[in-house]
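Numbering (the working numbering), first residue to last: 22 to 90.
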(Lines of atoms letter the chains of each structure in order from A; the text may use other names.)
(Lines give C-alpha, C1' and ligand atoms only; values in the text may rest on other atoms or scores of the structure.)
Protein backbone atom coordinates (compact mmCIF):
# COMPACT_ATOMS: atom_id res chain seq x y z
CA UNK A 22 0.00 0.00 0.00
CA UNK A 23 1.28 3.44 -0.96
CA UNK A 24 0.74 6.53 1.20
CA UNK A 25 -0.34 9.79 -0.43
CA UNK A 26 0.05 12.98 1.58
CA UNK A 27 -2.46 15.80 1.22
CA UNK A 28 -2.17 19.35 2.54
CA UNK A 29 -5.86 20.18 2.85
CA UNK A 30 -8.63 18.69 4.96
CA UNK A 31 -9.73 16.44 2.06
CA UNK A 32 -9.12 15.71 -1.61
CA UNK A 33 -11.69 14.74 -4.23
CA UNK A 34 -11.46 11.19 -5.52
CA UNK A 35 -10.67 12.13 -9.13
CA UNK A 36 -7.89 14.45 -7.99
CA UNK A 37 -6.45 11.74 -5.74
CA UNK A 38 -6.23 9.23 -8.58
CA UNK A 39 -4.28 11.78 -10.64
CA UNK A 40 -2.04 12.78 -7.71
CA UNK A 41 -1.18 9.14 -7.02
CA UNK A 42 -0.38 8.55 -10.71
CA UNK A 43 -3.08 5.90 -11.11
CA UNK A 44 -4.66 7.77 -14.06
CA UNK A 45 -3.22 10.22 -16.58
CA UNK A 46 -6.03 12.77 -16.63
CA UNK A 47 -9.27 13.89 -15.06
CA UNK A 48 -11.23 12.51 -17.99
CA UNK A 49 -9.76 9.03 -17.43
CA UNK A 50 -10.53 9.34 -13.71
CA UNK A 51 -14.14 10.21 -14.54
CA UNK A 52 -14.48 7.10 -16.72
CA UNK A 53 -12.94 4.58 -14.31
CA UNK A 54 -14.85 5.99 -11.34
CA UNK A 55 -18.12 6.06 -13.29
CA UNK A 56 -17.56 2.46 -14.41
CA UNK A 57 -17.36 1.34 -10.77
CA UNK A 58 -13.69 0.34 -10.92
CA UNK A 59 -12.61 2.32 -7.84
CA UNK A 60 -13.20 1.37 -4.20
CA UNK A 61 -13.07 3.69 -1.20
CA UNK A 62 -12.67 1.89 2.12
CA UNK A 63 -13.73 -1.37 0.45
CA UNK A 64 -16.91 0.03 -1.13
CA UNK A 65 -17.33 0.80 -4.85
CA UNK A 66 -17.53 4.55 -5.38
CA UNK A 67 -18.97 6.12 -8.53
CA UNK A 68 -18.78 9.82 -7.57
CA UNK A 69 -15.69 11.60 -8.87
CA UNK A 70 -16.21 14.42 -6.37
CA UNK A 71 -16.34 12.12 -3.33
CA UNK A 72 -14.33 13.73 -0.54
CA UNK A 73 -11.42 11.58 0.60
CA UNK A 74 -10.04 12.31 4.06
CA UNK A 75 -6.82 11.25 5.82
CA UNK A 76 -7.17 7.62 6.89
CA UNK A 77 -9.27 6.65 3.86
CA UNK A 78 -8.04 3.86 1.59
CA UNK A 79 -8.62 3.84 -2.16
CA UNK A 80 -8.15 0.83 -4.45
CA UNK A 81 -7.96 0.72 -8.25
CA UNK A 82 -6.60 -2.02 -10.55
CA UNK A 83 -4.77 -3.82 -7.77
CA UNK A 84 -3.21 -0.63 -6.43
CA UNK A 85 -4.06 0.54 -2.92
CA UNK A 86 -3.35 3.98 -1.55
CA UNK A 87 -3.88 5.42 1.90
CA UNK A 88 -4.39 9.14 2.38
CA UNK A 89 -2.34 10.77 5.10
CA UNK A 90 -1.92 14.37 6.21
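No residue lacks a Cβ here, since even glycine has one placed at the ideal position from N, Cα and C. Note that the structure is predicted; figures quoted are calculated from it, not measured.
Considering just the uninterrupted stretch of the beta strand (DSSP E) at residue i, what are its terminal residues?
i: residue 87; result: 84 to 89
i: residue 99; result: For the chain, the structure presents residues 22 to 90; residue 99 sits outside this window and is missing.
i: residue 61; result: 59 to 61
i: residue 25; result: 23 to 26
Which whole-angstrom value is the C-beta distance of residue i and residue j, which I expect to be below 8 angstroms?
i: residue 40; j: residue 81; result: In fact, because the Cβ distance is near 13 angstroms, the residues do not count as touching under 8 angstroms.
Given a cut-off of 7 angstroms, decide if residue j and residue i are closer than it, judged by their beta-carbon atoms.
i: residue 89; j: residue 24; result: yes
i: residue 57; j: residue 65; result: yes
i: residue 63; j: residue 47; result: no
i: residue 51; j: residue 69; result: yes
i: residue 79; j: residue 53; result: no
Kindly indicate the opening and closing residues of the alpha helix (DSSP H) around residue i.
i: residue 48; result: 47 to 55
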